[in-house]
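Participant:
2 protein chains.
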Amino acid sequence: MKSTREKLLDIAFDEIYHNGYANTSVDKILKKANMNKGSMYHFFKSKKELGLAVIRERVNEYIVGKYGALLTYEENICDEMMKLIKNRNNFDFSCGCKLNNMMQELSPIDKDFKEALEIVYLKFENIIEHVLDKAVAKNEIVHNDTKALSLFVVASIEGCLGTAKKSQDGNFFQTCISQLELLLNSLKK
Amino acid sequence: MKSTREKLLDIAFDEIYHNGYANTSVDKILKKANMNKGSMYHFFKSKKELGLAVIRERVNEYIVGKYGALLTYEENICDEMMKLIKNRNNFDFSCGCKLNNMMQELSPIDKDFKEALEIVYLKFENIIEHVLDKAVAKNEIVHNDTKALSLFVVASIEGCLGTAKKSQDGNFFQTCISQLELLLNSLKK
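Chains F and X, in that order, are what the protein sequence lines are. Taking the numbering used here, the leading residue of the first sequence gets 21, the next gets one more, and so forth. Taking the numbering used here, the leading residue of the second sequence gets 21, the next gets one more, and so forth.
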């Protein structure tokens, strides 16, 4: 059975994802968790502490869980990366990206959130950079700035997910991301 | 002198941009406008009506004002487009894109906002598609799906602006968007 702390994090993660941080109510989280304020404050002293833990644990797990597999690929690296990027089984396009939503809402208004989110985002970029470096080392692609390219790969994933979200329609994501594939294919030897 | 209605729109546009729609207070807008609720309700029956007018007028003007110039280009179309995309004089990278911010916050939660924002976003995409079609017609680039490419150009602009916003640093935008240029250059004849 999940601990009380884990249950609180699960519910808070879900509430923040669906409503945004500002619109997330601690009372609603407590009601869903069937818990009172005192029990929550034993684990998290404030809504903000709960939000930061959601980022450091749940959002982080989500990104590493989805993209970490890329680090094990040894062949057809770019094609496999694109396959994983395009694979959106059970993805909720109408709500968008769990990481980007929080970043766009919170980075400009709170330094602690900005820093916590940046750490996760940087992990995402580093995974992609590592994969691109390997593709270069294995002579799959030619590129002299995999740092810039990794920034762009992540930014365009977020941009394409945003396009689907604005229309509440996942087809836009697939059409849009096909052009990232075109860029990667143009770099192939 | 600006009319009362225009003044309200200017202030509301600024408040929504800096705080998000949910966190925007009508009372604060009225205070800044030196106006009472009755005078505002003469023009806008609710916060939502004011928000919709901000999208249809201010956000729309902003996008058409920045990107509409592209429609007049007849030579070096892709290079000129990239120049305009990269030109971010006085852009507030820490707050991000006026259109994308509202889209990401409001599209999933309100149908009227979603529709109003989609109209502006579609206008943005249509301008880019028109420019790309012209670049194909003039034999600058080869591409068989300028619709998908226009979606991607806009999505990657939004993604790159988001990357800058998450770090509160415009340099990320320039590094990131350089890779869109790489894609366009790869399509040149």
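Built from N, CA and C at the ideal position, the CB exists for glycine as well.
Please classify Ser187/F as buried or exposed, where buried requires at least 16 neighbouring CB atoms within 10 angstroms.
Facilitator: Ser187/F should be labelled buried.
Participant: Using the beta-carbon of each residue, which ones in chain X are nearer than 7 Å to Thr195/F?
Facilitator: Ala168, Leu171, listed in chain order.
Participant: Under the three-state reduction of DSSP, which class applies to Lys158/X: helix, strand or coil?
Facilitator: Coil at Lys158/X, not helix or strand.
Participant: Could you check whether Met122/F and Val79/F sit closer than 8 Å to each other, using their CB atoms as the reference points?
Facilitator: Taking 8 Å as the Cβ cut-off, Val79/F and Met122/F qualify as a contacting pair.
Participant: Does the separation of the CB atoms of Lys209/X and Glu160/X fall below 8 Å?
Facilitator: Result yes, Cβ atoms of Lys209/X and Glu160/X sit closer than 8 Å.
Participant: How is the alpha helix (DSSP H) around Met102/X delimited, first residue to last?
Facilitator: Segment 97-106, the alpha helix (DSSP H) holding Met102/X.
Participant: Taking its Cβ as the centre, do 16 or more other Cβ atoms sit within 10 Å of Ser170/F, making it buried, or is it exposed?
Facilitator: By the neighbour-count rule (16 or more Cβ atoms within 10 Å), Ser170/F is buried.
Participant: State the Cα-Cα distance for the pair Leu203/X and Val173/F, rounded to the nearest angstrom.
Facilitator: Whole-angstrom Cα-Cα distance: 12 Å.
Participant: Which parts of the stretch 65-146 of chain F are runs of the alpha helix (DSSP H), unbroken and 4 residues or longer, counting only runs that do not cross its ends?
Facilitator: For the stretch 65-146 of chain F, whole alpha helix (DSSP H) runs of length 4 or above, ordered along the chain, are 67-73, 80-87, 97-106, 118-126.
Participant: By DSSP, does Lys51/X sit in helix, in strand, or in coil?
Facilitator: If DSSP states are grouped into helix, strand and coil, Lys51/X belongs with the helices.
Participant: If the cut-off is 7 Å on Cβ atoms, which residues from the stretch 65-85 of chain F count as contacting chain X, listed in chain order?
Facilitator: Per Cβ criterion, the list is empty.
Participant: Could you tell me the alpha carbon to alpha carbon distance between His38/X and Asp130/X, rounded to whole angstroms?
Facilitator: Taking the straight line from one Cα to the other gives about 20 Å.
Participant: Could you name the residues of the stretch 182-193 of chain X whose beta carbon sits closer than 8 Å to any beta carbon of chain F, in the order they occur along the chain?
Facilitator: Those would be Gly182, Thr183, Lys185, Lys186, Ser187, Gln188, Phe192, in chain order.
Participant: For a contact meaning CB atoms closer than 7 Å, what does Cys115/F contact in chain X?
Facilitator: Per Cβ cutoff of 7 Å: Pro128.
Participant: According to DSSP, is Lys186/F helix, strand or coil?
Facilitator: In this structure, Lys186/F counts as helix in the three-state DSSP scheme.
Participant: Can you grab the Cα-Cα spacing for the pair Ile36/F / Tyr93/X, in whole Å?
Facilitator: Approximately 44 Å between the Cα atoms of the pair.
Participant: Given Arg25/F, which residues of its chain have a CB within under 7 Å of its CB, disregarding the five upstream and five downstream residues?
Facilitator: These residues qualify, in order along the chain: Phe63.
Participant: Indicate the three-state DSSP secondary structure (helix, strand or coil) for Lys22/F in the structure shown.
Facilitator: Coil at Lys22/F, not helix or strand.
Participant: Any idea which residues DSSP pairs Lys208/F with across the strands?
Facilitator: DSSP, once it has assigned bridges, lists Ile161/F as partnering Lys208/F.
Participant: With distance defined between alpha-carbon atoms, name the residue in Asp132/F, Ile148/F, Cys117/F, Asp165/F nearest to Lys91/F.
Facilitator: It is worth fixing the name first, because residue 91/F is Leu in this sequence and not Lys. Selected option, being the one with the closest Cα: Ile148/F.
Participant: Is Gly190/X near Ala175/F, with beta carbons less than 8 Å apart?
Facilitator: Not a contact, by the Cβ cut-off of 8 Å.
Participant: Contact between the stretch 52-71 of chain X and the stretch 102-120 of chain X: three or more CB pairs below 8 Å?
Facilitator: No, because fewer than three Cβ pairs between the stretch 52-71 of chain X and the stretch 102-120 of chain X fall closer than 8 Å, the two stretches do not touch.
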